[in-house]
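Read the structure below first, then the notes.
Residue numbers (our numbering), protein chains in the order written: chain A, 3 to 730; chain B, 1258 to 1410.
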């Protein structure tokens, strides 16, 4: 997996720094490194040091709040030997040769909770390589063997000498770094695992100076909003902008080349929004989607009751059905999960401006630079090496900013290509555009039938899944579809980490009713709910404790089962499992996703009929070596809130092809009073780090459902409010 | 129409049509982008600013109604509660994506300016209109408690 081995010696010559970077066409863009190039030196693609000793980490993952600006910087600082206060960071330019996600292959991008997982070794090596050339330079200057020198807190000392690293940067840049610099033993870590390390992005985010793509204000820019069809697949026939012309600041309207909408150009955002409101568009609905959510629901339920299209477990379903039929007890549940919008706090936006050399810059909270880079080059007919991507802070994503179709950047490029390119074009989505704009977590349904023998052991497990594939028909198909099965539809059921004797699982795809997309934790959003609600229902039917029952099915020797056991026991212990306060109910869930193991216990007061209040969530996570413990805790808190809020009350519904929900009043976000307290415990581990952005989400909703079921109904259709649960 | 705005202690002359939300004048005309656009319907609080010290949603505050008021944005925060809130936000690393945090901070400062020692329930009530999609709520709550302690010290 190490990218360094495939780019052997990448550090050699990288000392030529900014020059080397420019040769391959990735001039740092916008206000970033270019301005400082004169007095800073790239010691390698990830480490830049100024003559005054200021270190800058080049962060290849975008920051949407999940913490790479802190995490990757920590890795460099740790191995280089500087304090967190002495290191800054910049987002990398678009260059997949240097900044690819090694878990994705030749693509630069963020997703799948891979940022720390794929960077851990790479960034430590980069920090260590920079340290080594600095020590070599000092060794030559002082004529002291490098082995007698040390670099601590930005100062090199040894042999009676002492000087800050800035003094050696110029000389170090001419030296060749070792291919495999020595990495610290974990026992030597000062910053990795240190809970007192603070986020690097806090200061600008509390005083209004942090710049998101929405904050781009270029001289002479135009703002574009797009009037889109309310039904997927409709196209523009014509438009009338006579009323729009009365809006001060309106410039013009133009049908997008793909006829998917009308771009409304204006001098500012408000004028564009007003003019769009005044625009009359006639749509060709002949090829538009016309189904309603009820139709999709019926289609899903019908699919569950016919032979599955794909046999995931490659075994004899009839034999397992027989075993269940002949069992002592049968537990059967049917589950439904609605479409969900991501609704990141910052609505989608990006800006394209022309450069003097005939190129363009994309200013974007850019999750997958490689994709819009290529799409923009193609649409604008600009050479690849003249497209720059200025990655800015992103106001959340939850998956939304990474679409296989590069949807919003393509809209910006299509809006830009219809101009003379003299004025920058800033595309802005409103919240209504976001909520109604498609790319939802697909609707899924599961039907599970479990047989229990007389001793309360599982005798057979028949599990049907039906839903819309996220990957089929997209460029990502090759990565996640095998033998017709989109792994993203079933991950978490196949494979499950539980030892379940006699398990059959089948999948049926249903045809698209809207565009769908990964949504924080992807398939695990529904598979974990079903597995964990079923384990609870089955444990209850068997008269066994839900934690004990799970542990009994995780009793094997595999690392997965051991680590799941570890977090489950920890969460049970810390939550006082089984000894909840008077009037309270507890529910538990445990799940592996994105390489990490998370158990959660939700404790509620009240009940479904009279109002449930989430009093406390106790979380235990094993994500390998915890690089930034406080960031990990924050991601668990956020992942839990995201999972619970949507399970409580959110869904996107279609009526005759149109999305009903429009904005936060009818797609209600989790609010501050919804959850009492979240307490996170991190398992100490020496395993390589794995993700934390998503794994906190999957266990949250089923743990809540299990807590509600302790004194009330087992909720099998989401959102819970629609299923009759009230919340205090 | 020509409008004179008193914002962050300075007077600005702007040209805007009646009915224009204060949010867009602050962001697109005055280029002060710390105040965020989140929903446009006063449902998320990302656009919160102070009007004569009181938090309001600038996306539903119209330009013709604010000429006589002192407007404060995140860039102009200076008060004792503001300093305490920003210190507490730093100590607890409240932010994740950060996009809602200007609005959260403006509301928190509003709360502590009128109630220096709010209970947890009062915090939840007052902050209910500020959405955070990253769900940093627990830290927001703790940071307001901490800011209250800082103010008391």
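A virtual CB, placed ideally from N, CA and C, is assigned to each residue, including glycine. All values derive from a computational prediction rather than experimental measurement.
Using the three-state DSSP reduction, which class does residue i fall into: helix, strand or coil?
i	result
residue 1267 (chain B)	strand
residue 144 (chain A)	helix
residue 31 (chain A)	Annotation note: pLDDT 36 at residue 31 (chain A) (below 50); position unreliable, coordinate value reported separately. Coil at residue 31 (chain A), not helix or strand.
residue 127 (chain A)	helix
residue 588 (chain A)	strand
residue 1281 (chain B)	helix
residue 174 (chain A)	helix
residue 160 (chain A)	strand
residue 26 (chain A)	Reliability fails at residue 26 (chain A), whose pLDDT of 27 lies under 50, so the model's placement of it is uncertain and no value is given.
residue 74 (chain A)	helix
residue 1304 (chain B)	coil
residue 1329 (chain B)	strand
residue 37 (chain A)	Per-residue confidence for residue 37 (chain A) stands at a pLDDT of 38, beneath the threshold of 50, marking its modelled position as unreliable; the derived number appears in the next sentence. Three-state DSSP puts residue 37 (chain A) in a helix.
residue 1318 (chain B)	coil
residue 648 (chain A)	helix
residue 1385 (chain B)	helix
residue 1363 (chain B)	helix
residue 511 (chain A)	strand
Going along chain A, which residues have a C-beta under 8 Å from residue i?
i	result
residue 1288 (chain B)	219
residue 1337 (chain B)	Going along chain A, no residue has its Cβ under 8 Å from residue 1337 (chain B), so there is no contact; the nearest lies around 16 Å.
residue 1259 (chain B)	The premise fails here: residue 1259 (chain B) is roughly 13 Å from chain A at the closest Cβ pair, so nothing lies under 8 Å.
residue 1397 (chain B)	674
residue 1347 (chain B)	200, 204, 205, 208
Quick one: which chain B residues come within Cβ less than 8 Å of residue i?
i	result
residue 271 (chain A)	1281, 1284, 1285, 1294
residue 576 (chain A)	None at all; the shortest Cβ gap to chain B is about 16 Å.
residue 201 (chain A)	1350, 1352
For the putative contact between residue i and residue j, defined by C-beta atoms under 8 Å, what is the C-beta separation to the nearest angstrom?
i	j	result
residue 1383 (chain B)	residue 1364 (chain B)	7 Å
residue 191 (chain A)	residue 693 (chain A)	Incorrect: roughly 20 Å between the Cβ atoms, too far for contact.
residue 372 (chain A)	residue 111 (chain A)	6 Å
residue 1304 (chain B)	residue 1292 (chain B)	6 Å
residue 1370 (chain B)	residue 1336 (chain B)	7 Å
residue 728 (chain A)	residue 640 (chain A)	Wrong, their Cβ atoms sit about 25 Å apart, outside the cutoff.
residue 96 (chain A)	residue 540 (chain A)	Actually they are not in contact, since the Cβ atoms of residue 96 (chain A) and residue 540 (chain A) sit about 49 Å apart, beyond 8 Å.
residue 1381 (chain B)	residue 674 (chain A)	5 Å
residue 269 (chain A)	residue 224 (chain A)	7 Å
Can you list the residues of chain B that residue i reaches, using a CB-CB cut of under 7 Å?
i	result
residue 248 (chain A)	Residues of chain B passing the Cβ test: none, with the nearest at roughly 11 Å.
residue 672 (chain A)	1392
residue 214 (chain A)	1356
residue 644 (chain A)	1392
residue 679 (chain A)	1395
Chain A partners of residue i, CB-CB under 7 Å?
i	result
residue 1297 (chain B)	432, 433
residue 1329 (chain B)	What residue 1329 (chain B) touches in chain A: nothing, since even the nearest Cβ is about 11 Å away.
residue 1318 (chain B)	Result: empty, since nearest Cβ-Cβ is about 13 Å, beyond 7 Å.
residue 1314 (chain B)	Ordered by position in chain A, no residue passes the 7 Å Cβ test against residue 1314 (chain B), which lies about 12 Å from the chain.
residue 1385 (chain B)	673, 674, 675
Relative to the C-alpha of residue i, which candidate in the options has its C-alpha closest?
i	options	result
residue 157 (chain A)	A:673, A:649, A:79, A:126	A:79
residue 1259 (chain B)	B:1322, B:1267, B:1268, B:1273	B:1273
residue 490 (chain A)	A:502, A:469, A:503	A:469
residue 451 (chain A)	A:499, A:485, A:325, A:367	A:325
residue 411 (chain A)	A:247, A:228, A:277	A:228
residue 712 (chain A)	A:641, A:633, A:547, A:216	A:547
residue 632 (chain A)	B:1347, B:1279, B:1265	B:1347
residue 197 (chain A)	A:682, A:719, A:715, A:709	A:682
residue 1375 (chain B)	B:1323, B:1402, B:1322, B:1361	B:1402
residue 627 (chain A)	A:166, A:193, A:63, A:249	A:193
residue 355 (chain A)	A:495, A:388, A:656	A:388
residue 1299 (chain B)	B:1312, B:1324, B:1317	B:1317
Could you tell me which chain D residues have their CB closer than 7 Å to the CB of residue i, listed as they occur along the chain?
i	result
residue 1274 (chain B)	Although the question refers to chain D, the structure presented lacks it and instead comprises the protein chains A and B.
Find the residues of chain A that neighbour residue i, judging by a C-beta separation of less than 9 Å, and give them in chain order.
i	result
residue 1304 (chain B)	Correct list: empty, because the minimum Cβ distance to chain A is about 11 Å.
List, in chain order, every chain B residue whose beta-carbon is nearer than 9 Å to that of residue i.
i	result
residue 209 (chain A)	1291, 1331, 1332, 1334, 1343, 1359, 1362
residue 92 (chain A)	Those within 9 Å of residue 92 (chain A) in chain B number zero; the least Cβ separation is about 17 Å.
List, from N- to C-terminal side, the beta strand (DSSP E) runs of 3 residues or more that fit wholly inside the region 272 to 315 of chain A. 282 to 286
In chain order, what are the residue ranges of uninterrupted beta strand (DSSP E) at least 3 long that sit wholly in the region 415 to 472 of chain A? 427 to 430, 446 to 454, 460 to 469
Fully enclosed by the region 169 to 214 of chain A, which alpha helix (DSSP H) runs are 4 residues long or longer? 171 to 174, 204 to 207
Please go through the region 529 to 556 of chain A and give each complete alpha helix (DSSP H) segment of 4 or more residues, from N-terminal end onward. 548 to 554
Could you tell me which uninterrupted beta strand (DSSP E) segments, each at least 3 residues in length, are contained entirely in the region 559 to 617 of chain A, listed from first to last along the chain? 586 to 595, 598 to 609
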